[in-house]
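Residue numbers (the numbering used here): 29 to 416. Encoded as structure tokens, the structure appears first; notes follow it.
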């Protein structure tokens with residue numbers, strides 16, 4: 029049985045001014061209870077995002093992305109500590125979304141989404157009472173933490189009693205081994221890779237996919253992390269898949285959605301990361317991309333959280349990515365996405381110009397200057413692939 033759902037990476041973008049939305053149908057074939065639980069995310073229309081005590085841009089990246097890409101479905105942000113009246117007061121986005129200090133203040137809602145990604149993925153201990161209150165209100169709980177709600181006997185019993193659903197987007201039973209069979213001809217796969225973690229690979233993937241759709245192209249976003257799954261309601265939580273099955277899991281998922289002309293595959297980690305390079309390599313080989321978009325953050329000099337480990341140069345990493353990708357499938361870097369959030373406007377444009385001159389590739393900041401250069405590069409790549 030196939031489930032036809034709306035590709036929410038278009039429907040949920042109304043908070044970005046001047047950008048039109050393009051709903052697109054995406055067919056997904058659920059092969060487990062976990063897959064079907066993820067599809068329930070598509071039905072949520074009145075979401076409360078829980079960030080209580082962790083409402084900072086670093087810890088609440090999931091909340092910020094939900095507001096940015098699913099803002100029409102966010103009813104409130106639950107935060108008992110931070111000052112402010114709306115989400116913009118703490119996140120610089122979401123002026124129309126109220127901050128509430130308790131569930132008693134909450135507007136009508138159908139789900140609580142855990143909007144943080146703390147180190148280790150543990151549920152904050154003082155959140156249990158909040159979650160139990162939400163369950164008693166018959167709200168679903170959606171979590172991207174490594175600490176699974178569905179392993180908590182007390183919450184399970186309470187959820188059954190009140191007909192609430194606990195959804196752990198990272199929980200999975202994927203056991204697919206890659207077979208390296210070819211994908212559909214005409215389905216061009218573009219994968220974001222990076223110099224480090226947490227520098228904009230998901231956002232770049234979403235923005236390029238949306239840019240292609242705005243030009244009338246058949247494009248789909250393939251989520252590989254918890255936030256992307258919470259936005260779109262489909263994808264694979266690749267950092268929680270057993271290592272032997274990473275390649276096969278993304279390969280299998282791509283086969284479910286390869287009817288599209290473009291697949292934009294969210295990247296994870298970095299091939300130069302001392303902790304997470306295995307996930308990066310598995311995605312790179314399992315997705316067998318035609319093209320890569322290289323992402324980096326201007327001004328970053330060391331691996332995030334590992335200050336004694338300096339970043340490799342862009343040239344070294346671009347060479348490494350192309351070499352590794354071509355072991356599986358012909359592939360090249362087609363463009364560069366720079367995160368210039370810590371630069372002034374003048375500094376940002378200088379950075380983009382220097383990157384273009386140094387690397388000889390299309391370069392942009394998908395927020396500051398728009399994703400058009402990368403969209404152009406993707407269309408050009410498909411023309412090249414079809415002419416081979």
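Glycine included, C-beta positions come from ideal geometry on N, C-alpha and C.
N-terminal and C-terminal residue of the alpha helix (DSSP H) that residue i is part of
i, result
"residue 309", "305-315"
"residue 260", "254-260"
"residue 102", "Residue 102 -> not in any alpha helix (DSSP H); beta strand (DSSP E) instead, spanning 102-106."
"residue 360", "Taken as a continuous stretch (DSSP letters only), residue 360 belongs to no alpha helix (DSSP H), being part of the beta strand (DSSP E) at 360-367."
"residue 186", "181-190"
"residue 281", "274-285"
"residue 89", "89-98"
"residue 157", "156-164"
"residue 233", "229-242"
"residue 409", "400-415"
Beta-carbon proximity list for residue i, same chain, < 6 Å, skipping 5 on both sides
i, result
"residue 122", "95, 115, 116"
"residue 72", "138, 139"
"residue 81", "109"
"residue 65", "195"
"residue 171", "142, 177, 196"
"residue 152", "none"
9 Å Cβ cutoff met for residue i and residue j
i, j, result
"residue 127", "residue 110", "yes"
"residue 325", "residue 227", "yes"
"residue 223", "residue 360", "no"
"residue 297", "residue 272", "no"
"residue 106", "residue 145", "no"
"residue 164", "residue 186", "yes"
"residue 67", "residue 262", "yes"
"residue 239", "residue 278", "no"
"residue 310", "residue 354", "no"
"residue 231", "residue 349", "no"
"residue 331", "residue 363", "no"
"residue 258", "residue 90", "yes"
"residue 371", "residue 312", "no"
"residue 133", "residue 212", "no"
"residue 221", "residue 402", "no"
"residue 74", "residue 136", "yes"
Neighbourhood of residue i by C-beta, 8 Å cutoff - its chain only, sequence neighbours within 5 removed
i, result
"residue 358", "318"
"residue 346", "322, 361, 387"
"residue 207", "276, 279"
Bridge partners - residue i, DSSP secondary structure assignment
i, result
"residue 196", "171"
"residue 219", "293, 320"
"residue 344", "According to DSSP, which records beta bridges pairwise, residue 344 is partnered with nothing at all."
"residue 370", "Residue 370 is not bridged to any residue."
"residue 127", "105"
"residue 338", "330"
"residue 114", "126"
Contacting residues, own chain, Cβ-Cβ under 7 Å from residue i (five flanking each side not counted)
i, result
"residue 92", "85, 119, 121"
"residue 288", "215, 246, 247, 248"
"residue 383", "364, 366, 391"
"residue 149", "173, 174, 175"
Range of the contiguous beta strand (DSSP E) that encloses residue i
i, result
"residue 139", "139-142"
"residue 247", "247-250"
"residue 78", "75-78"
Do the stretch 373-380 and the stretch 338-347 meet, that is, are 3 or more Cβ pairs less than 8 Å apart? no
Does the count of Cβ pairs from the stretch 290-297 and the stretch 242-254 closer than 8 Å reach three? yes
Assess contact between the stretch 141-157 and the stretch 171-191, defined as three or more Cβ pairs (one per stretch) separated by less than 8 Å. Is contact present? yes
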